[in-house]
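Residues 124 to 288 in my numbering are what the sequence shown lists, from first letter to last.
Cβ atoms here follow ideal geometry from the backbone N, Cα and C, with glycine treated the same way.
Model, not experiment: these values are computed from the prediction.
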Amino acid sequence: MLKGCGAGVPVIFNLASYPQAIDELAGHHYREWEYLYPDDTIASFAADLSRPPGADTLPTTWVLTADKQVMGSVSLLEHDLDTDSHWSPWLANLWVHQDWRGRGLGKRLVLHACEQGVAAGFTTLYLYTAEHAAFYAGMGWQQLRSTHKNGVPITIMSFALTRAA
């Protein structure tokens, strides 16, 4: 459990500001996606979350908390699929704790990542999903192609970022 955040109101913050949340978040991510990463461990998930940003401020992970509880996360990564390294950056690690799903928090996290992408000067974001293509399509993401990751069917999608007038 994360200490020092919240008071009932969900807050999104940069994970780099609260490294004490890395191990908890890595455990959640591992349990959610271990079927896509059969060779990884909780420790390797934690190592990925601990990587400092490079010159382009990537990777960056944001965490949603309330009442000192980690409720969700989202990341922007330079690359997320080795087979498609020509596309960048990637929205990844969208996760909402099962107790908080169905309340619009996933959408809020995606919108936050998109806003951060616009602020960083990116024009397009990419992602892949094994199960939630309809969720992203409902937010305006476009399907680019279908493929497989470690034998699991996935959909690769993109979203054109625009600056507010």
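Under 8 Å between C-beta atoms of L138 and V197: no
Residue range of the beta strand (DSSP E) that includes W223: For W223, there is no enclosing beta strand (DSSP E), as DSSP marks it with neither H nor E.
Outcome for N273 when other beta-carbon atoms lying within 10 angstroms are tallied against a minimum of 16: exposed
Cα-Cα separation between D171 and L181, rounded to whole angstroms: 12 Å
Local conformation of R174 per DSSP, three classes: coil
Beta-carbon spacing of I277, T247 below 8 Å: Their beta carbons are not under 8 Å apart, which means I277 does not touch T247 by this criterion.
A243 - DSSP class collapsed to helix/strand/coil: Here DSSP, grouped into helix, strand and coil, assigns A243 to coil.
Close-in-space but distant-in-sequence residues of the same chain around R154 (CB under 6 Å, 5 per side omitted): Around R154: no qualifying Cβ.
Spatial distance of A149 from T285 (CA atoms): 31 Å
Distance cut-off 7 Å: L214 Cβ against heavy atoms of the ligand SAH: Judged by which ligands are present, the structure shown has none, so any question about the ligand SAH falls away.
contact_flag[the region 205–220, the region 232–248] where n(CB pairs < 8 Å) is 3 or more: yes
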